[in-house]
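Each protein sequence line maps, in turn, to chains W and X.
To get my numbering, take the position in the first sequence, counting from 1, and add 242.
To get my numbering, take the position in the second sequence, counting from 1, and add 11.
For every residue, glycine included, the Cβ atom is placed at its ideal position computed from N, Cα and C.
Source: prediction; values computed, not measured.
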Amino acid sequence: MSAQEDIVIEVKHLTAGYGDREILRDVNFGVRRGEVFIIIGGSGSGKSTLLKHMIGLLPPLQGEVWIDGENMVAAKGDARTQLLRRFGVVYQSGALFGSMTVAENVQLPLAEFTDLPEVAREYVALGKLKVVGLAGAAHQMPSELSGGMQKRTAIARAMALDPHILFLDEPSAGLDPVTSAGLDALIKELSCYFGITFVIVSHELQSIYAIADRVIMLDGQARTIIAEGTPAELRDQTTNVSVRRFFNREATPDQTIKTR
Amino acid sequence: MVLFSRQKTERTAAAQAEVLAEQRGRVTVLLRGRLDVHTMGDLWRDLEARLRPLTAVSLDVDATQLNVSGGGGLALLRYLKAGGFTPAATVSVGGLNAELDQILHMFAGEDFESYRARRRRASSVLEEVGASLRTSARDLREQVAFVGRMAAELAGTILHPERLRWREVTRLCVTAGANALPIVSLLSFLVGLIIGFEGAQPLAQFGAQIFIADMVGFGAVRELGPMMTAIMLAGRSGAAFAAEIGTMKVNEELAALVTMGLDPTRFLALQRVAAGILLTPLLTVYTMFAGVLGGTLVMLSLGFSLPMIYHQMATRVHLLDICVGLGKSVAFGAIFSAVGCLRGFQTGEGAIAVGVSATRAVVTSIFLIILADTVFAAAGFLTR
């Protein structure tokens, strides 16, 4: 297997922004099949913007995003729908539909995109919920669940159509350390058992050390990738001040009252 | 070994089944091809059609040649294993690799049964009636409490007008009132036209077309002006109040106000009710005028002169009628804005609750506006 074939997502010369405001300029990177790929960076560095471009929510100002060898940016109509089914997205707040039970949330993509009979859909949904440890909560409404359970449900829903790529936006935001560690373990398991490729936006240091195979770091000022590598490489070998600050949890001088 | 084979799996043939029925109810199913959530539907129905009629004692599923892509395809194997198609048979599933086998056994028929059992908890008629009574009683109590609090706040505002956040009131008057002017005026103008045209025919039979002026003038000033304005505002601005406050509640903004020591009724509802009371009479003046204009246009087209129309209207419509119309519009304005706020505060959880609140705001305000109008009409008749 050559290294070239191994790339499932390729971002080429991506320039992203809103209207006139440019947030990322000429970003290039590839995500390898089966790896846990984490995008880090400070607030306002364009992490979420980059994610939204990778999943096709926003059109790039320039550049391309290739998923499975197909151009996400140029895809239209049916080709785009096909492409969208190859990956699942877990949003920061979970984005579960409040009017449906947990099991119905997971069944929704199955009902819309497959011809499975109802029993089959329920079996698939419960199977997914079992994998994320929530089969017992299948009949509950999202509002009855804790934050961690909502995230797990969102992961189960994103996996409903068996995508081989999952995008997660800040999975551990708002979760306690124990729940957050549980979610990390789940991601690691899904990666091992199912070979799912993960693209995760995060700034949770411990979670990055625990699960990341490779990390890229974005910077708001540079508007591009300022570091790339394994978490340990970034922590130990960096010469960049921003990267060092991030991994050592240092405040910038203007963020403390003493130095302001 | 992982579930997604590293090559592109899309090209492999879809999953198929071969059913071998031997003697004494021993059945073997051979599965081959690619099994995922997209190919599973056909196979599911096929197996159901072929296995259900058999009275199987034992069922052996051979998945050696099966390419299970992702975890979804395992649902079929689990269903077979749980005896979904062959309730009387003992089932074995073989030929899966260790990882798949482990995931297959994670989940069993019991999980499904317990989900099914808990999913539909049908409630009895008595329970339904009780629950709806309780909701109605709570709703009534909240309404009474809200009206009381609102009245106290309004009285306080009249004594200390500087407490009102006037900037907010001005903003609300612009969005809820001034921006509604074109549509409210246009509709009122059209209703004036309609009354004129509809009245022209029957009144012509008696040669009494001049009385169109009475109909239009009296109707627009006393009834349609205030009521049309209030109903339009209830649908437009009352719903907006409910949705805005409802979304604030969902986003915990109301909780933030409370913990800052600010009373949401005073901070949010008071400004809206004040805006409603101030802007509705102003808008009503316009709608009265637009309605009269519509009727006048019809009369001009029928050949009446402007001084004639004016004279006829002036003998019928007095200053008192205009005052009654404006007085009603004040009450209507208070109703739609207060109901909008109350429904907003009553919002439950999630996006649906916001929609429900907006709907209930419109329904309740229109009902109360017409009810109040009935009371005004009856009172006017009795005191005459």
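**Q.** C-alpha gap between N482 of chain W and I468 of chain W, whole angstroms
**A.** 8 Å
Q. Got a sec? Which residues, its chain only, sit under 8 Å from A211 of chain X by beta carbon, not counting five neighbours each side?
A. Q220, I223, V309, L313
Q.
I'd like to know whether the C-beta of A26 of chain X is nearer than 7 Å to at least one C-beta of chain W.
A. no
Q | Delimiting residues of the alpha helix (DSSP H) encompassing L91 of chain X | A | 85-92
Q: Starting from R129 of chain X, follow its DSSP beta bridges and name the residues at the other end.
A: Looking at the DSSP assignment, R129 of chain X forms no beta bridge with any residue, so it has no partner.
Q.
What would DSSP say about M271 of chain X, mapped onto helix, strand or coil?
A. coil
**Q.** Alpha-carbon to alpha-carbon, F229 of chain X and Y297 of chain X
**A.** 15 Å
Q. Taking three-plus beta-carbon pairs below 8 Å as touching, is the region 38-57 of chain X in contact with the region 332-342 of chain W?
A. no
**Q.** Neighbouring residues, chain A, relative to S80 of chain X (Cβ below 8 Å)
**A.** As a matter of chain content, chain A is missing from the structure shown, whose protein chains are W and X.
Q: Enumerate in chain order the residues of its own chain whose CB-to-CB distance from M259 of chain X is below 7 Å, with the five nearest sequence positions on each side excluded.
A: L265
Q) Since G105 of chain X sits in a beta bridge, which residues does DSSP pair it with? A) X:D73
Q. What does N313 of chain W pair with, by DSSP beta-bridge criteria?
A. W:W308
Q: Sort out for me which residues DSSP pairs D461 of chain W with in a bridge.
A: W:T466
(Q) Taking its Cβ as the centre, do 16 or more other Cβ atoms sit within 10 Å of Y126 of chain X, making it buried, or is it exposed? (A) buried
**Q.** Integer Cβ distance of F440 of chain W from L417 of chain W, believed to fall under 8 Å
**A.** Contact flag wrong, Cβ pair sits at about 17 Å.
Q. Residues of chain X with CB under 9 Å from T373 of chain W, in chain order?
A. For clarity, residue 373 of chain W is Val in the given sequence; the question names Thr instead. Ordered by position in chain X, the residues that pass the 9 Å Cβ test against V373 of chain W are G82, I114, M117, F118.
Q) If we count Cβ pairs, one from each stretch, closer than 8 Å, do we get three or more for the region 270-279 of chain X versus the region 375-382 of chain X? A) no
Q.
Within 7 Å of any Cβ in chain X, is that where the Cβ of S385 of chain W sits?
A. yes
Q: Tell me whether A99 of chain X is buried or exposed, calling it buried when 16 or more other Cβ atoms sit within 10 Å of its Cβ.
A: exposed
Q: Mind listing the chain X neighbours of G298 of chain W? Cutoff is C-beta to C-beta under 9 Å, in chain order.
A: The contacting residues do not exist; G298 of chain W stays about 20 Å from chain X at best.
Q.
Contact criterion: CB-CB distance below 7 Å. Does D357 of chain W meet it with respect to chain X?
A. yes
(Q) Any beta carbon from chain W within less than 7 Å of R371 of chain X's own beta carbon? (A) no
Q) Going straight from the alpha carbon of E111 of chain X to that of A119 of chain X, what length do you get? A) With the sequence shown as reference, residue 111 of chain X is identified as Leu, and Glu is not the correct amino acid for it. One C-alpha to the other measures close to 14 Å.
Q | Environment of G391 of chain X [buried if 16+ CB atoms lie within 10 Å] | A | exposed
Q. Whose Cβ in chain X lies nearer than 7 Å to the Cβ of H381 of chain W?
A. Y126, R129, R130
Q: Excluding the 5 residues preceding and the 5 following D57 of chain X in the sequence, name in chain order all residues of the same chain whose CB lies nearer than 7 Å to its CB.
A: A28
(Q) Less than 6 Å between C-beta atoms, sequence neighbours within five positions excluded: which residues of the same chain meet that for F488 of chain W? (A) none
Q) Sorted by chain position, which residues of the same chain lie with C-beta nearer than 6 Å to G344 of chain X's C-beta, five sequence neighbours on each side aside? A) G287, I288, T291
(Q) Just to make sure I have the definition right: I need the residues of chain X whose C-beta is within less than 9 Å of the C-beta of L352 of chain W. Which are they? (A) V48, G83
(Q) Between the alpha carbons of I363 of chain X and S341 of chain W, how many angstroms are there, rounded? (A) 7 Å
Q. Can you tell me where the alpha helix (DSSP H) with V485 of chain W in it begins and where it stops?
A. 483-490
(Q) If contacts are defined as beta-carbon pairs under 8 Å, then R383 of chain W and T343 of chain W qualify, I think. What distance do you get, rounded to the angstrom? (A) A small correction: the amino acid at residue 383 of chain W is Met; Arg does not occupy that position in the sequence shown. Contact holds; Cβ gap of about 6 Å.
Q: Consult DSSP for N270 of chain W and reduce its assignment to one of helix, strand or coil.
A: strand
Q. To the nearest angstrom, how far is it from the Cα of L235 of chain X to the Cα of S199 of chain X?
A. 8 Å
Q) Run through DSSP, which three-state label would N78 of chain X get? A) strand
Q: Rounded to whole angstroms, what's the CA-CA distance from E412 of chain W to V365 of chain X? Just pull it up for me.
A: 27 Å
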